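Colleague: Pasting in a structure now, in structure tokens, and then I'll have a few things to ask.
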Amino acid sequence: MSRRDEFRRGLRDIVAPSLGISAWALVTGVAMIKSGLSVPLAALMSLTVYAGSAQLAALPLIAAGAPIWVIWATAACMNLRFVIFSAHWRKYFGHLPRTRRLLLTYLATDLSYVLFLRRFPELRPKPEQIPYYLGSATWSWLSWQIPAFVGIVLADRVPEEWGLGFAGVLALLGLAYSTLSGRKSWIAAVAAAIVAVAAFALPLRLNVVVAIAAGVAIGLLLDRKWPDRIEERA
Amino acid sequence: MSPSVAFVVIVGMAAITVVTRSFFLLTHREWPLPSWVMQGLRYAPLAALAAIIAPEVLVSDGALISTWQDARLFAVAAGTAYFVWQRGILGVIVVGTSVLLALELGLGW
Numbered sequence: 013m014s015r016r017d018e019f020r021r022g023l024r025d026i027v028a029p030s031l032g033i034s035a036w037a038l039v040t041g042v043a044m045i046k047s048g049l050s051v052p053l054a055a056l057m058s059l060t061v062y063a064g065s066a067q068l069a070a071l072p073l074i075a076a077g078a079p080i081w082v083i084w085a086t087a088a089c090m091n092l093r094f095v096i097f098s099a100h101w102r103k104y105f106g107h108l109p110r111t112r113r114l115l116l117t118y119l120a121t122d123l124s125y126v127l128f129l130r131r132f133p134e135l136r137p138k139p140e141q142i143p144y145y146l147g148s149a150t151w152s153w154l155s156w157q158i159p160a161f162v163g164i165v166l167a168d169r170v171p172e173e174w175g176l177g178f179a180g181v182l183a184l185l186g187l188a189y190s191t192l193s194g195r196k197s198w199i200a201a202v203a204a205a206i207v208a209v210a211a212f213a214l215p216l217r218l219n220v221v222v223a224i225a226a227g228v229a230i231g232l233l234l235d236r237k238w239p240d241r242i243e244e245r246a
Numbered sequence: 382m383s384p385s386v387a388f389v390v391i392v393g394m395a396a397i398t399v400v401t402r403s404f405f406l407l408t409h410r411e412w413p414l415p416s417w418v419m420q421g422l423r424y425a426p427l428a429a430l431a432a433i434i435a436p437e438v439l440v441s442d443g444a445l446i447s448t449w450q451d452a453r454l455f456a457v458a459a460g461t462a463y464f465v466w467q468r469g470i471l472g473v474i475v476v477g478t479s480v481l482l483a484l485e486l487g488l489g490w
């Protein structure tokens, strides 16, 4: 297939699944404004951070005036899945110059990652990969940014009492449910939730940091006690 | 939070996006992480989600809520029921927000 055909195929594969992403972006746009960010700052966040779950997780902390490093640590934790994805991206893009590698992976959303690995299951570079990826990443970017900006503009008009800021928390809740896999992850998540509430009185929203540490520690302990069976890992 | 601090927060978060998404592509040489670190990484996003969500739902004015008449609880319950039924994130948002709006606008909670 030609480069243009691959670009189109990348676009076509992502159009339907990106509808859910657009709704998520709309919610994020509204939540940014409802957390007290001005329209220009919300726009800057959407355009540069471009990571919905990190943005949504950071917003309650921004609204509460948590210290910068706590917000950054939380955003980094939300993004850790991308670190794991980048080990895969390396197999496909590792041979490119660094600037291109960084630009390509900067645009790598969860959805374009999943679609790319489905299209190219063999972990080695091929010439048609870049146009396919660019098609998928372009649509991904547009289907995120346009609804996010609609959300930013709408949120300015929706009254506070509607409680729409809570839609961001519900989006995180849905994400958490779809991330849960197996009993060990349930236990780790419940432990983190309990610690986050129990330690709420800690200053500087440190309860979040302590809770993440507790969740990860319990997950690792459970892994040591009951290692994954092969079929679970696949 | 003042706009200038928020600006710094946002620029830093953008840098975090760049670094995490390109993590294993930052250097040309390959440097594998120990397997227990990779294992731990799998739990961190979920732990962070739980740590953010739980206080947003269960804490009010700095203390654990003591009433069941809180629209957030019903929104979360409805969203959870939807997820158990249909497994869709979008539905959790739509159902939960509808319940929240109905209780806040309808019953004035």
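As given, the protein sequences belong to chains W and U, one line each in that order. According to my numbering, the stretch in the first sequence is residues 13 to 246, in order. According to my numbering, the stretch in the second sequence is residues 382 to 490, in order. In this text, a Cβ means the ideal position worked out from N, Cα and C, and glycines have one as well. Just so you know, these numbers come straight off a predicted model, no measurement behind them.
Tell me which same chain residues have a C-beta within less than 7 Å of the C-beta of P137 of chain W, skipping the five on either side of it?
Modeller: On the first sequence, residue 137 of chain W is found 125 positions in, with the first residue counted as 1. Taken in chain order, the residues that qualify are Y104, H107.
Colleague: Between the Cα of S30 of chain W and the Cα atoms of W:A55, W:I158, W:R112, which residue gives the shortest distance?
Modeller: Stepping through the first sequence from its first residue, residue 30 of chain W is reached at position 18. It is W:I158 whose Cα lies nearest to the Cα of S30 of chain W.
Colleague: Suppose you measure from the CA of T478 of chain U to the CA of A431 of chain U; what does that come to, to the nearest Å?
Modeller: Along the second sequence, read from residue 1 onward, the residue named residue 478 of chain U stands at position 97. Along the second sequence, read from residue 1 onward, the residue named residue 431 of chain U stands at position 50. Approximately 19 Å between the Cα atoms of the pair.
Colleague: Would you mind telling me which residues of chain W sit closer than 7 Å to G477 of chain U, beta carbon to beta carbon, in chain order?
Modeller: Counted from its first residue, the second sequence places residue 477 of chain U at position 96. Residues of chain W passing the Cβ test: L182.
Colleague: Let me know the alpha helix (DSSP H) ranges lying completely inside the region 105 to 146 of chain W, each 4 residues or longer, listed in chain order.
Modeller: 110 to 118, 122 to 131
Colleague: Of all Cβ atoms in chain U, is any one closer than 7 Å to the Cβ of T121 of chain W?
Modeller: Walking along the first sequence from the start, residue 121 of chain W turns up at place 109. Not an interface residue.
Colleague: Could you work out which residues of chain U lie near I80 of chain W, taking near to mean beta carbons separated by less than 9 Å?
Modeller: On the first sequence, residue 80 of chain W is found 68 positions in, with the first residue counted as 1. Those are V386, V389, V390, G393, listed as they occur along chain U.
Colleague: Please decide whether F464 of chain U counts as near chain W, where near means a Cβ-Cβ distance under 7 Å.
Modeller: In the second sequence, residue 464 of chain U corresponds to position 83, counting from 1. So, interface residue.
Colleague: Among W:V207, W:A55, W:S197, which one has its Cα closest to the Cα of W238 of chain W?
Modeller: Within the first sequence, the letter at position 226 stands for residue 238 of chain W. The candidate whose alpha carbon is nearest that of W238 of chain W is W:S197.
Colleague: Counting along the chain, where does the alpha helix (DSSP H) carrying G41 of chain W start and finish?
Modeller: Translated into positions along the first sequence, residue 41 of chain W becomes position 29. Start and end: 30 to 46.
Colleague: Mind listing the chain U neighbours of S50 of chain W? Cutoff is C-beta to C-beta under 9 Å, in chain order.
Modeller: Within the first sequence, numbered from 1, the residue matching residue 50 of chain W stands at position 38. Correct list: P384, A387.
Colleague: Quick check on T111 of chain W - is its C-beta less than 7 Å from some C-beta in chain U?
Modeller: Residue mapping note: residue 111 of chain W aligns to position 99 of the first sequence, counting from 1. Taking Cβ atoms only, chain U never reaches closer than 7 Å to T111 of chain W, which makes this a no.
Colleague: Could you list which residues in chain W have their beta carbon closer than 9 Å to that of L481 of chain U, in chain order?
Modeller: Your numbering for residue 481 of chain U matches position 100 in the second sequence. Within chain W, the residues near L481 of chain U are W174, G175, L176, F178, A179, L182.
Colleague: Given this structure, state the Cα-to-Cα distance separating V39 of chain W from G147 of chain W, to the nearest angstrom.
Modeller: Within the first sequence, numbered from 1, the residue matching residue 39 of chain W stands at position 27. Within the first sequence, numbered from 1, the residue matching residue 147 of chain W stands at position 135. About 25 Å.
Colleague: Could you work out which residues of chain U lie near V4 of chain W, taking near to mean beta carbons separated by less than 7 Å?
Modeller: Limits of chain W in this structure are 13 at one end and 246 at the other, which puts residue 4 of chain W out of reach.
Colleague: Span of the alpha helix (DSSP H) holding Y62 of chain W?
Modeller: By one-based count along the first sequence, residue 62 of chain W stands at place 50. Taken as a continuous stretch (DSSP letters only), Y62 of chain W belongs to no alpha helix (DSSP H), as it is neither H nor E.
Colleague: Compare the Cα-Cα distances from R113 of chain W to each of W:R102, W:W36, W:F94 and report the closest residue.
Modeller: As a working mapping, residue 113 of chain W is identified with position 101 in the first sequence. The option with the nearest alpha carbon to R113 of chain W is W:R102.
Colleague: What does S416 of chain U touch in chain W if you count any residue whose Cβ is under 9 Å from its own?
Modeller: As a working mapping, residue 416 of chain U is identified with position 35 in the second sequence. Under the 9 Å cutoff, chain W gives no residues; its nearest Cβ is about 10 Å from S416 of chain U.
Colleague: Going by DSSP, which residues form a beta bridge with S441 of chain U?
Modeller: Locating residue 441 of chain U in the second sequence gives position 60, where the first residue counts as 1. Bridge partners of S441 of chain U: U:A444.
Colleague: Against Q467 of chain U, what residues of chain W qualify as contacts under a CB-to-CB distance less than 8 Å, listed in chain order?
Modeller: As a working note, residue 467 of chain U is residue 86 in the second sequence. The premise fails here: Q467 of chain U is roughly 11 Å from chain W at the closest Cβ pair, so nothing lies under 8 Å.
Colleague: With DSSP run on the structure shown, which of helix, strand or coil describes E485 of chain U?
Modeller: In the second sequence, the residue the question calls residue 485 of chain U occupies position 104. Here E485 of chain U sits in helix by DSSP.
Colleague: L23 of chain W and A387 of chain U: beta carbons closer than 7 Å?
Modeller: Taking the first residue of the first sequence as 1, we reach residue 23 of chain W at position 11. Taking the first residue of the second sequence as 1, we reach residue 387 of chain U at position 6. In this structure, A387 of chain U does not lie closer than 7 Å to L23 of chain W by Cβ.
Colleague: What does a CB cutoff of less than 6 Å around L116 of chain W pick up in its chain, not counting 5 residues either side in sequence?
Modeller: Taking the first residue of the first sequence as position 1, residue 116 of chain W is located at position 104. Correct list, in chain order: F105.
Colleague: Applying a beta-carbon distance threshold of less than 7 Å, which residues of chain U neighbour L218 of chain W?
Modeller: If you number the first sequence from 1, residue 218 of chain W lands on position 206. In chain order: nothing, as chain U lies at least about 11 Å away.
Colleague: Which one of U:E485, U:A435, U:L427 has the shortest CA to CA distance from C89 of chain W?
Modeller: Here residue 89 of chain W corresponds to residue number 77 of the first sequence, with the count starting at 1. The candidate whose alpha carbon is nearest that of C89 of chain W is U:L427.
Colleague: Mind checking whether I164 of chain W and G41 of chain W have CB atoms under 7 Å apart?
Modeller: Along the first sequence, one-based indexing puts residue 164 of chain W at 152. Along the first sequence, one-based indexing puts residue 41 of chain W at 29. Result yes, Cβ atoms of I164 of chain W and G41 of chain W sit closer than 7 Å.
Colleague: Just the chain W side, please: which residues come within less than 8 Å of R410 of chain U by C-beta, in chain order?
Modeller: Stepping through the second sequence from its first residue, residue 410 of chain U is reached at position 29. Result: empty, since nearest Cβ-Cβ is about 10 Å, beyond 8 Å.
Colleague: Which one of U:L481, U:F464, U:G489 has the shortest CA to CA distance from G186 of chain W?
Modeller: Here residue 186 of chain W corresponds to residue number 174 of the first sequence, with the count starting at 1. It is U:F464.
Colleague: Any beta-carbon of chain U closer than 7 Å to the one on D235 of chain W?
Modeller: Your numbering for residue 235 of chain W matches position 223 in the first sequence. Taking Cβ atoms only, chain U reaches closer than 7 Å to D235 of chain W, which makes this a yes.
Colleague: Would the beta-carbon of V61 of chain W fall within 7 Å of that of T398 of chain U?
Modeller: Along the first sequence, one-based indexing puts residue 61 of chain W at 49. Along the second sequence, one-based indexing puts residue 398 of chain U at 17. Yes, the pair counts as a contact, with Cβ atoms nearer than the cut-off.
Colleague: Check whether the Cβ of W84 of chain W lies closer than 7 Å to any Cβ atom in chain U.
Modeller: In the first sequence, residue 84 of chain W corresponds to position 72, counting from 1. Judged by the 7 Å Cβ criterion, W84 of chain W is in contact with chain U.
Colleague: Contact criterion: CB-CB distance below 7 Å. Does T398 of chain U meet it with respect to chain A?
Modeller: As a matter of chain content, chain A is missing from the structure shown, whose protein chains are W and U.
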